[in-house]
Amino acid sequence: MSPVDSVLTPRLRFRRLSLAHAPDLHAMDSDPAVMQFINDCPPVPWEGYEAKTQAWLGRVYSDGDAQGIWAAHLLDDDAFAGWFHLRPGRQFEDHRLELGYRLPRGMWGRGLATEGSRGLLRYGFHELGAPEIMALTLERNLRSRG
Numbered sequence: 019m020s021p022v023d024s025v026l027t028p029r030l031r032f033r034r035l036s037l038a039h040a041p042d043l044h045a046m047d048s049d050p051a052v053m054q055f056i057n058d059c060p061p062v063p064w065e066g067y068e069a070k071t072q073a074w075l076g077r078v079y080s081d082g083d084a085q086g087i088w089a090a091h092l093l094d095d096d097a098f099a100g101w102f103h104l105r106p107g108r109q110f111e112d113h114r115l116e117l118g119y120r121l122p123r124g125m126w127g128r129g130l131a132t133e134g135s136r137g138l139l140r141y142g143f144h145e146l147g148a149p150e151i152m153a154l155t156l157e158r159n160l161r162s163r164g
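So in the working numbering, the last one in the sequence shown is 164, and the numbering has no gaps at all.
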């Protein structure tokens, strides 16, 4: 269990993302509306998706358990609400922590991205002692920019 598994928001619980989440991830990643702002991420058939996910998670958790990617689940019915990440941004020389998320379309418009992001920001600043956390999005992705 990773330290962030204790992060709760009023409506979300975070759990370490694992291969068990592959069916939910595949459904989300197969939705063109979800993927419209994700560069170089063509739809992946189910065949090979688990192996790709396993390799991706291995890279993510190579930095340890305190940072990484977590599945968000609704507290009231345990439904998969997407994933959030807080990890070193490898595109930056100083490896500042980067916050990100991806939610299935059915979870949009509920304020869950904001709520989950605020929960991880509290965790990053207060538990990890991060001096700075940043997030990036494409300029045309108005929902995420909001």
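For every residue, glycine included, the Cβ atom is placed at its ideal position computed from N, Cα and C.
Which same chain residues end up closer than 6 Å to residue i when comparing Cβ atoms and leaving out the 5 residues on each side of it in sequence?
| i | result |
| --- | --- |
| residue 87 | 35, 78, 101, 103 |
| residue 19 | At residue 19, the pLDDT of 47 sits below 50, so the modelled position is not reliable; the number obtained from the coordinates is stated separately. For residue 19, where only same-chain residues beyond five positions count, there are no Cβ hits under 6 Å. |
| residue 114 | 107, 150, 152 |
| residue 74 | none |
| residue 128 | none |
Whose CA, out of the options, lies closest to the CA of residue i?
| i | options | result |
| --- | --- | --- |
| residue 105 | 138, 144, 56, 40 | 138 |
| residue 49 | 155, 131, 125 | 125 |
| residue 25 | 42, 92, 72, 39 | 92 |
| residue 33 | 85, 55, 80, 51 | 85 |
| residue 142 | 127, 123, 94, 116 | 116 |
| residue 51 | 128, 76, 123, 94 | 123 |
To the nearest angstrom, how far is the alpha carbon of residue i from that of residue j?
| i | j | result |
| --- | --- | --- |
| residue 68 | residue 46 | 14 Å |
| residue 121 | residue 135 | 12 Å |
| residue 53 | residue 63 | 14 Å |
| residue 65 | residue 37 | 14 Å |
| residue 133 | residue 149 | 21 Å |
| residue 140 | residue 146 | 9 Å |
| residue 107 | residue 155 | 13 Å |
| residue 96 | residue 144 | 26 Å |
Would you grab the beta carbon distance between residue i and residue j for me? Rounded to a whole angstrom, and I think it's under 8 Å.
| i | j | result |
| --- | --- | --- |
| residue 153 | residue 118 | 6 Å |
What does a CB cutoff of less than 7 Å around residue i pick up in its chain, not counting 5 residues either side in sequence?
| i | result |
| --- | --- |
| residue 99 | 30, 90, 91, 92, 121, 125, 130 |
| residue 71 | 37, 40, 43 |
Less than 8 Å between C-beta atoms, sequence neighbours within five positions excluded: which residues of the same chain meet that for residue i?
| i | result |
| --- | --- |
| residue 27 | 133, 134, 136, 137 |
| residue 56 | 120 |
| residue 94 | 29 |
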